[in-house]
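A short write-up of the structure that comes next.
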Amino acid sequence: MTGPFETISSLARQLDARHVSSRELVEDAIARTETLNSTLNAVVSLDKPGALAAADQADQARADGAISPLLGVPMLHKDIFCTRGVKTSCASKMLADFIPPYDATVVKKLHDAGMVSLGKCNMDEFAMGSSNETSFFGAVKNPWDVDRVPGGSSGGSAAAVAAGLAPLATGTDTGGSIRQPAALCGITGLKPTYGRVSRYGMIAFASSMDQAGPMARTAEDCALVLNAMAGHDPLDSTSADISVPDYSAGLEKSIEGLRVGIPKEFFSSHLNDGVAATVSAAVKELEAAGAVIVDVSLPSTDLGVSTYYVIAPAEASANLSRYDGVRYGYRCDSPSDLQDLYLRSRTEGFGEEVKRRILIGTFTLSAASYDQYFMKAQQVRRLIAEEYQSVLKDVDVIAGPSAPSTAFVLNDGSKSITDMYMEDVFTIGANLAGLPAISVPVGLVDGLPVGMQLIGSRFGEAQLLNIAHQFQIRTDWHSLTPDLEGLTG
Amino acid sequence: MKWEKVMGLEVHLQLSTQSKIFSSSATAFGADANTQTNPLDMALPGTLPVLNHAAVSQAIVFGLGVGAEIGKVSRFDRKNYFYPDLPKGYQISQFFEPIVKEGVFEVPLEDGSIFPVRILRAHLEEDAGKSVHDAIPGHTGIDLNRAGTPILEVVTEPDFRTAEQVVAYLKALHALVTYLGISDGNMSEGSMRCDVNLSLRLKGETKYGTRTELKNINSFRFIERAIHVEAERQQDILESGQSVVQETRLFDPDNDETRSMRSKEVANDYRYFPDPDLLPIVIDDETIERIRDALPELPAVKRGRYTTELGLSQYDANLLTQDRATAEFFEACCAASKNPKATANWMLGDLSAALNKEGLAIGGCEVTPEGLGSLISRIDDGTLSSKMAKTVFEGLWAGEPDVDRIIEDRGLKQVSDSGALETIVDELIANNPAQVDQYRAADEGKQKKLIGFFVGQAMKASKGQANPQMLNQLLKQKLG
Chain G
1 MTGPFETISS
11 LARQLDARHV
21 SSRELVEDAI
31 ARTETLNSTL
41 NAVVSLDKPG
51 ALAAADQADQ
61 ARADGAISPL
71 LGVPMLHKDI
81 FCTRGVKTSC
91 ASKMLADFIP
101 PYDATVVKKL
111 HDAGMVSLGK
121 CNMDEFAMGS
131 SNETSFFGAV
141 KNPWDVDRVP
151 GGSSGGSAAA
161 VAAGLAPLAT
171 GTDTGGSIRQ
181 PAALCGITGL
191 KPTYGRVSRY
201 GMIAFASSMD
211 QAGPMARTAE
221 DCALVLNAMA
231 GHDPLDSTSA
241 DISVPDYSAG
251 LEKSIEGLRV
261 GIPKEFFSSH
271 LNDGVAATVS
281 AAVKELEAAG
291 AVIVDVSLPS
301 TDLGVSTYYV
311 IAPAEASANL
321 SRYDGVRYGY
331 RCDSPSDLQD
341 LYLRSRTEGF
351 GEEVKRRILI
361 GTFTLSAASY
371 DQYFMKAQQV
381 RRLIAEEYQS
391 VLKDVDVIAG
401 PSAPSTAFVL
411 NDGSKSITDM
421 YMEDVFTIGA
431 NLAGLPAISV
441 PVGLVDGLPV
451 GMQLIGSRFG
461 EAQLLNIAHQ
471 FQIRTDWHSL
481 TPDLEGLTG
Chain Y
490 MKWEKVMGLE
500 VHLQLSTQSK
510 IFSSSATAFG
520 ADANTQTNPL
530 DMALPGTLPV
540 LNHAAVSQAI
550 VFGLGVGAEI
560 GKVSRFDRKN
570 YFYPDLPKGY
580 QISQFFEPIV
590 KEGVFEVPLE
600 DGSIFPVRIL
610 RAHLEEDAGK
620 SVHDAIPGHT
630 GIDLNRAGTP
640 ILEVVTEPDF
650 RTAEQVVAYL
660 KALHALVTYL
670 GISDGNMSEG
680 SMRCDVNLSL
690 RLKGETKYGT
700 RTELKNINSF
710 RFIERAIHVE
720 AERQQDILES
730 GQSVVQETRL
740 FDPDNDETRS
750 MRSKEVANDY
760 RYFPDPDLLP
770 IVIDDETIER
780 IRDALPELPA
790 VKRGRYTTEL
800 GLSQYDANLL
810 TQDRATAEFF
820 EACCAASKNP
830 KATANWMLGD
840 LSAALNKEGL
850 AIGGCEVTPE
860 GLGSLISRID
870 DGTLSSKMAK
880 TVFEGLWAGE
890 PDVDRIIEDR
900 GLKQVSDSGA
910 LETIVDELIA
920 NNPAQVDQYR
930 AADEGKQKKL
940 IGFFVGQAMK
950 ASKGQANPQM
960 LNQLLKQKLG
């Protein structure tokens, strides 16, 4: 029997060697999920029959000579990806009973690569949140400390991988929703370049920034999965028609001489001291591996959060208009007229944070505030993108913390909404500029994981994965795991 | 009248693409409710629009057809509002940067003159679905078959002053889009829908008054009526010293009045913003030229050619270029008749009268252009008199295809053989000496009247088949 914390690459070797079958892996994963999920609340739906059937198929395919590094490996999808015949809720009451008649392209691609989907992960409602507390199905607990949040919005995915429910979960990242929970849960999470992975079938939050990516134990695993996820999709006009390199091929390259930029704005007053020291130590490790550390500046960093919180809610306000109680999804009881149907279906079907952002977006797009807010935010977005591009002409990657602090406690009444929005201060830039970024575990502060973020040039995922892998060869932070004993019952 | 109407038009044209503008669903009219829909048309979560490039090409064709500038880079925007037939809660449209920019469209008027209409813009957008009020008792149903049908919305400057100009513009626009094959322009099926923005001002005034928008008027007749009724309403308001409210109004043909739909003051703020799901449409010069080269001859060019090369009047040229089917019939008919003027006369005379009587379109009758053309050539070569030609036309109308066959079957051949005519005339003179003497004694003026007797008798003798010109000539010669 394999342990809970195996990597995809290790499982693939054991499957190839017939030390274990996909069915055994899937049965183990289901058993672990059934044991731990009552505590973690990381998984919102388990598709046992579907997963077991897919596992048997994978075992048969392998027996028939099929070779794929992902064949038969169990995984979980964030509940934002449409899965044909399997409930897809986006953690909202609005879609609590929604069963899509189609698969998201990401779901299809990973299925085609032979991965076995176990079910769906909890998340912040419609991916709006940084703590996974906005889910209609309740908060997710951080496996490192169940009194703390796992981060968000891909908090269920991060907690599931951290607790060993599966070696991979998909996530989506609009303002940091892969990287911040990856950091807070001590796993590796990659947000690819905007357009690298198809958005088809991924429930939209902010369409100009939403991007899907892998959340796994190692950079090596992220590379394997990105190979299968990436590529042009005729169903998504914004997906890039650029060939997909083999992300695994360049992992072993030396990073000698690579230039790593450290923006001074990332080590500002927003940053917790322990996190700052831990990330700085990780940067030293990169230097020891031959990287050249360069001080750089991204002066508009502080404008990122406000810019993002104009653009993302604006897009969301339109994206979420389709949830009107007319065709599918939640509908209020016995509406008296059309206005009442709209009003109560949306009032009752959406949670507080979602409604807040719809209102913000509706306001910033209104004729009276469009120029002042939406237009201005688009201009600042361009400015921020230009700053990143200019810095990335001088350095190969930008490095810094993924999040301002380690995991914070659940239901922290002292944290205001804007405090919560500041969780994204370091991650948002990559979304506004459409750049790829990865978060890797770089240590613990008071027993809680810390993540370092590496941001690269457009379509520079291979380089990010190479650096992250080289770091992980030299360190063991990614191998640290939470104590599962404390999680049962 | 001291008041002047000022009108601008917004015409929604459904483009004739096979599939919808952002999905692969079919666009055919009249299918069972919701059978032409897919997850995107129903706005299921996670679905994304993919642009149908056929719609883009048709928009470019239109732009070139009205001599407008084509936007090299145009974009799609979201127009946000809630309505049950609008599944996404926003319509994908082009607000900031339309695909077709300014142009001038030449509209032929009844009197043969040309009325230039300034086109402000034309933009691509998706149609909405339909609310169905009679399918489920006590409920409103939604049919999304039409949702996502490509629309080109053509917006003019406020250049219209009379209802006649508006109708002429709409007819010319209809002719253009059917010529170009980019829309069937069928008003009763909603493929061409018209909104009229109307305001009044005192004659001589340069500022515009407050306008109302008349929505979705679905026939040429109703448009004229709606304009009249709304102008009268506004005039009454203005003359009683009150102000017109800017609002959308609906024409009710049954009660012959316009009714307020919603006031623009409390209407939606559409919150337009660029649609992040779609890339800008970038059109290079090469594409524009390729499309230009493939364009059919435009109505305006045809009109010019018909008057200068074929010698038709402007009036006839306007009528013959009113729609593509008529022009194509005319040109095929000319090819057979070699007589454009006579062809125009037959088409706008007997053929048009017969079509109107039966309520048919030109393609809907049995008369072929080749048939009518050969009829005309049989007149020109003297085989048929104009009276006989009408009988032959009746045969064509009844579905007999071959003109010569009709002539033969009916024994209609005109006697143009001078020998045969001479025999008839000689017999006539010999048998009517008194009339001959009377004729010979009369002055020139009287002779003109008296010759009628001989023509009538000769026609009778030839059973109406004598060639009248030849007969006249022969009689004058033999009597004189």
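Chains as they are written, first to last, in my numbering: chain G, 1 to 489; chain Y, 490 to 969.
Just so it is clear, CB atoms sit at the ideal spot from N, CA and C, and this is done for glycine as well.
- Listed as beta-bridge partners of W492(Y) by DSSP are L691(Y).
- Counting C-beta pairs closer than 8 Å gives fewer than three between the region 535-555 of chain Y and the region 270-290 of chain G, which falls short of the contact rule.
- Taken in chain order, the members of the region 370-396 of chain G whose beta-carbon sits within less than 8 Å of a beta-carbon on chain Y are Y370 and F374.
- Under DSSP, H612(Y) forms a beta bridge with E642(Y).
- For V354(G), the uninterrupted alpha helix (DSSP H) segment begins and ends at E352 to L365.
- Under the criterion of beta carbons closer than 8 Å, I438(G) and L480(G) do not qualify as touching, at roughly 18 Å.
- The three-state reading of DSSP puts I588(Y) in coil, since its state is none of H, G, I, E or B.
- Under the Cβ distance rule, D773(Y) does not count among the residues neighbouring chain G, no pair being separated by less than 9 Å.
- Taking C-beta atoms as the reference points, T872(Y) and I896(Y) count as a pair closer than 9 Å.
- At a C-beta separation below 9 Å, F551(Y) has no neighbours in chain G, since its nearest C-beta there lies roughly 23 Å away.
- Between N757(Y) and Y570(Y), the gap from beta carbon to beta carbon is short of 9 Å.
- In the three-state DSSP reduction, Y795(Y) falls in the helix class (H, G or I).
- Among the residues facing chain Y, V326(G) is included, as its CB has a counterpart in that chain under 9 Å away.
- Taking a C-beta cut-off of 7 Å against chain G, the contacting residues of the region 558-583 of chain Y are R567, N569, F571, P573, P576, K577, G578 and Y579, listed in chain order.
- In this structure, the CA atom of S153(G) is about 14 Å from the CA atom of S402(G).
- Using a Cβ-Cβ cut-off of 8 Å, I203(G) is close to P534 and G535 of chain Y, given in chain order.
- Not one beta carbon of chain Y lies nearer than 9 Å to the beta carbon of P192(G).
- When C-alpha distances from S512(Y) are compared across D891(Y), V771(Y) and V539(Y), the shortest belongs to V539(Y).
- Y658(Y) is outside the set of residues whose beta carbon lies under 9 Å from a beta carbon in chain G.
- Taking 9 Å as the CB threshold, V539(Y) lines the interface with chain G.
- DSSP places A91(G) in the coil class of the three-state scheme, outside both helix and strand.
- The Cβ atoms of A29(G) and P74(G) lie closer than 9 Å to each other.
- Contacts with chain Y (Cβ-Cβ distance below 8 Å) from the region 337-362 of chain G involve L338, Y342 and T362, listed in chain order.
- At least one CB atom of chain G sits nearer than 9 Å to the CB of R760(Y).
- Shown here for M681(Y): same chain residues with a beta carbon closer than 6 Å to its own, the five before and five after excluded, namely L502 and G674 in chain order.
- Within chain G, the residues whose beta carbon sits less than 7 Å from that of D766(Y) are S207, S237 and T238, listed in sequence order.
- Taking 3 residues as the minimum length, the beta strand (DSSP E) runs contained wholly in the region 168-224 of chain G are 168-173, 188-191 and 211-216, in order along the chain.
- Its chain contains T193, R196, A240, I242 and P436 as the residues whose beta carbon lies nearer than 8 Å to that of F459(G), once the 5 sequence neighbours on both sides are disregarded; these appear in chain order.
- Put simply, the backbone Cα of V904(Y) is about 5 Å away from that of Q954(Y).
- Secondary structure at A947(Y): helix, using DSSP grouped into helix, strand and coil.
- In this structure the region 297-314 of chain G does not lie against the region 277-285 of chain G, because fewer than three pairs of beta carbons, one per stretch, are closer than 8 Å.
- By alpha-carbon distance to F584(Y), the top candidate from N956(Y), E614(Y) and V596(Y) is E614(Y).
- With distances taken between CA atoms, I99(G) lies nearest to G535(Y) out of P605(Y), V589(Y), V593(Y) and G535(Y).
- In this structure I473(G) is exposed. Its beta-carbon is surrounded by fewer than 16 other beta-carbon atoms within 10 angstroms.
- With a cutoff of 9 Å on beta-carbon distance, E315(G) and G274(G) are scored as not near each other.
- In the DSSP assignment, S390(G) falls within the unbroken alpha helix (DSSP H) covering K376 to D394.
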